[in-house]
Amino acid sequence: MLLVLLSIATIVLQLVTWLPLTGHPHWIIRSFEFARLQFATLAGLLLVALLCFLDLNTVLPWVLIAATVLCLIWQMSWILPYTRLSPVEVVDAGSVDPDRLLRIMTANVLITNRDSQKLIELVRQHQPDIFVTLESDHWWQDQLDVLESELPHTIKCAMDNGYGMHVYARLPLSEVETKYIVEHDKPSMHALLTLRSGDVIRAHFLHPAPPFPSENPTTTERDAELITVARMASTSRYPVIVTGDFNDVAWSPSTRLFRKISGLLDPRVGRGMFNTFHAIYPWFRWPLDYLFHSRHFTLVSLKRLPRYGSDHFALFTELAYAPSRLAEQEGLKADADDHAQAQEIMDEEPE
Numbered sequence: 108m109l110l111v112l113l114s115i116a117t118i119v120l121q122l123v124t125w126l127p128l129t130g131h132p133h134w135i136i137r138s139f140e141f142a143r144l145q146f147a148t149l150a151g152l153l154l155v156a157l158l159c160f161l162d163l164n165t166v167l168p169w170v171l172i173a174a175t176v177l178c179l180i181w182q183m184s185w186i187l188p189y190t191r192l193s194p195v196e197v198v199d200a201g202s203v204d205p206d207r208l209l210r211i212m213t214a215n216v217l218i219t220n221r222d223s224q225k226l227i228e229l230v231r232q233h234q235p236d237i238f239v240t241l242e243s244d245h246w247w248q249d250q251l252d253v254l255e256s257e258l259p260h261t262i263k264c265a266m267d268n269g270y271g272m273h274v275y276a277r278l279p280l281s282e283v284e285t286k287y288i289v290e291h292d293k294p295s296m297h298a299l300l301t302l303r304s305g306d307v308i309r310a311h312f313l314h315p316a317p318p319f320p321s322e323n324p325t326t327t328e329r330d331a332e333l334i335t336v337a338r339m340a341s342t343s344r345y346p347v348i349v350t351g352d353f354n355d356v357a358w359s360p361s362t363r364l365f366r367k368i369s370g371l372l373d374p375r376v377g378r379g380m381f382n383t384f385h386a387i388y389p390w391f392r393w394p395l396d397y398l399f400h401s402r403h404f405t406l407v408s409l410k411r412l413p414r415y416g417s418d419h420f421a422l423f424t425e426l427a428y429a430p431s432r433l434a435e436q437e438g439l440k441a442d443a444d445d446h447a448q449a450q451e452i453m454d455e456e457p458e
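Start counting at 1 in the sequence shown, then tack on 107, and there's your number in this note's numbering.
This is the structure we're talking about:
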C-alpha cells in the first residue's frame with residue numbers, strides 16, 4: 108500500500124512539474140509555475156520517504172527516486188536565481204547622491220480591507236517619493252488623500268472592480284496617462300517623473316488581471332499587457348522603472364520574457380524572493396509585486412514591509428540613479444525566438 112501511495116505522489120509531482128512545459132496558457136497549467144518552491148519542498152520530502160520506506164533492492168523504487176530527483180532539480184533551477192546562491196543582477200549603490208535617490212513603495216491594498224491607517228503609517232514611516240496602490244477604490248482614495256500634503260503629485264483611477272490604481276508622488280509628474288492597454292476595465296498608468304537632480308525618468312505602473320476562472324481563463328491578456336509595456340520600455344529614450352502587481356511570479360516564462368524584451372533588471376536576483384503574497388497564509392507565498400528598472404539604476408535597499416491588513420505585503424525599493432555604472436550591469440538578452448514568441452502573444456490578444 109505504501110508503494111502505491113508513494114507511486115501516486117510521484118506521478119502527481121511529475122504532472123505539476125512538466126505540464127507547464129507545454130506552454131499552454133490555461134490558468135490551471137500556468138498556476139503550476141507559481142508554487143515551484145512548494146513543489147521543490149514536496150519533492151524533497153517525497154525523496155526522503157522513498158529512500159527511507161521502500162525496498163531499494165527492486166527496480167521500481169529507483170525509478171520513482173530518479174523521477175523525483177529530476178523534478179527537484181528542475182524546480183530548483185527556476186527559483187535558484189532568487190536566492191543568495193546566485194550573483195546579483197543589480198549592483199549595490201554604495202555612496203548615494205541624495206538628489207539622485209528614488210524611493211518607491213508599491214502596495215496592493217485589497218479592496219475589502221478597511222484598515223487604511225496602518226498603510227498610511229507605513230507610508231509616513233518610510234517616506235517614499237512614489238507611492239503606488241493597487242485595488243484602490245473610491246473609499247481608499249478618500250482615505251489616502253490625506254497624504255497629498257506630503258505627496259502632492261497624483262494620478263487617480265478609483266475603480267470598484269479590484270483594479271483601481273493610485274499614484275501619490277513627492278516628485279513632479281508630467282506626460283501623465285492612464286491607459287487601458289488590453290482590457291477596458293484594467294488600467295495602467297504612465298508618466299515622466301523628475302528627480303531632485305533634474306534627471307527625468309519614465310515610469311509605468313501595472314496591474315494586469317491574473318489567469319483565474321473569475322477573471323481570464325488563460326494568461327493571454329496578462330501576457331499581452333506585459334509585452335506591450337516591455338516594448339515601451341525597450342524603446343524609451345529615458346531611464347525606466349516599471350512597478351506594480353504583475354499577477355505572475357518572477358521565475359515564470361512570462362516574466363522572464365518581459366525582462367528579455369524590455370531589457371530591464373530585477374533587483375531580486377541574487378538577493379531573495381521577497382514574497383509579497385499571500386500575507387495571511389505563509390505556506391502559499393510567492394512574489395507578485397515587482398519593481399524592474401533599466402541599467403541606469405543601482406540598488407540601495409529592497410524590503411518587504413510588515414502586514415497592514417491586505418493579503419499582500421507592500422514592497423519598498425530604494426534606487427540610486429547612476430548612469431555612470433551602466434557597464435557594470437546586464438540583464439537577460441532577447442534573441443530572435445524571444446521576439447517571435449512576444450509577437451505570437453500579441454497576435455493572440457483578443458480584440
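Cβ atoms here follow ideal geometry from the backbone N, Cα and C, with glycine treated the same way.
| Asked | Found |
| --- | --- |
| Inspect the beta-carbon positions of L374 and H403 and report whether they are closer than 8 Å. | According to the sequence provided, residue 374 is Pro. The question's Leu does not apply to it. Cβ distance not < 8 Å, so P374 and H403 don't count as in contact. |
| Going by beta carbon distance, what residues of the same chain come within less than 7 Å of D199, once the five residues before and after it are set aside? | T405, L406 |
| Please determine if the region 380 to 392 and the region 170 to 184 are in contact, where contact requires at least 3 C-beta pairs separated by less than 8 Å. | no |
| Out of curiosity, what's the CA-to-CA distance linking A316 and L300? | 26 Å |
| Work out the CA separation of T326 and Q182 for me, nearest whole Å. | 21 Å |
| With a 10 Å radius around its C-beta and 16 neighbouring C-beta atoms as the bar for buried, classify P472 as buried or exposed. | Residue 472 lies beyond the stretch modelled for the chain, which goes from 108 to 458, so this question has no answer here. |
| If you compare alpha carbons, which of K263, W358, Q250 is closest to D222? | Q250 |
| Tell me, please, which residues DSSP counts as bridged to T213. | V239, L422 |
| Going by the CB atoms, is the gap between Y388 and K225 shorter than 8 Å? | no |
| Can you tell me which of the three DSSP states F141 falls into? | coil |
| Give the C-beta separation of R210 and Q234 to the nearest angstrom, bearing in mind that I take them to be a contact with Cβ-Cβ under 8 Å. | 7 Å |
| Would you kindly report the start and end of the unbroken beta strand (DSSP E) that includes H314? | No beta strand (DSSP E) contains H314, which DSSP labels as neither H nor E. |
| How would you write the range of the beta strand (DSSP E) that V289 sits in, first residue to last? | Note, V289: premise wrong, no beta strand (DSSP E); not H, not E. |
| Looking at P413: is its Cβ nearer than 8 Å to the Cβ of V356? | no |
| Go ahead and pull the three-state DSSP assignment for Y397. | strand |
| Span of the alpha helix (DSSP H) holding I368? | 360 to 369 |
| Once you ignore the five residues that flank N439 on each side, which residues in its own chain have a CB closer than 6 Å to its CB? | Per the sequence shown, residue 439 should be read as Leu rather than Asn. So the list reads R366, K367, once near-sequence residues are dropped. |
| Once the 5 residues before and after F312 are set aside, which same chain residues still bring their CB inside 7 Å of it? | V239, M272, V274, S295, M296, T350, G351 |
| Assign E196 to one of three DSSP states: helix, strand, or coil. | coil |
| Compare the C-alpha of L141 against each of E196, Q450, D244, W390 and name the closest. | It is worth fixing the name first, because residue 141 is Phe in this sequence and not Leu. That would be W390, whose Cα lies nearest to the Cα of F141. |
| Just how far apart, CA to CA, sit T422 and V166? | For the record, residue 422 in the displayed sequence is Leu; it is not Thr. Roughly 49 Å separates the two Cα atoms. |
| With which residues is L208 paired in a DSSP beta bridge? | A427 |
| Report the three-state DSSP secondary structure of F353 (helix, strand or coil). | coil |
| Are the beta-carbon atoms belonging to A340 and S369 less than 8 Å from one another? | yes |
| Please state whether DSSP places F384 in a helix, a strand or coil. | strand |
| Where do the N-terminal and C-terminal ends of the alpha helix (DSSP H) with K225 fall, by residue? | 223 to 233 |
| Taking the alpha carbon of L113 as the reference point, which residue from S304, A449, E255, L171 has its own alpha carbon closest? | L171 |
| Return helix, strand or coil for Y275, following the three-state DSSP convention. | strand |
| Going by Cα to Cα distance, which pick from L364, T213, H291, V376 is closest to D442? | L364 |
| Tell me which same chain residues have a C-beta within less than 7 Å of the C-beta of L302, skipping the five on either side of it? | D206, R207, L209, L278, I308, Y428 |
| Could you tell me how far apart the beta carbons of L149 and L120 are, in whole angstroms, since I believe they sit closer than 8 Å? | 7 Å |
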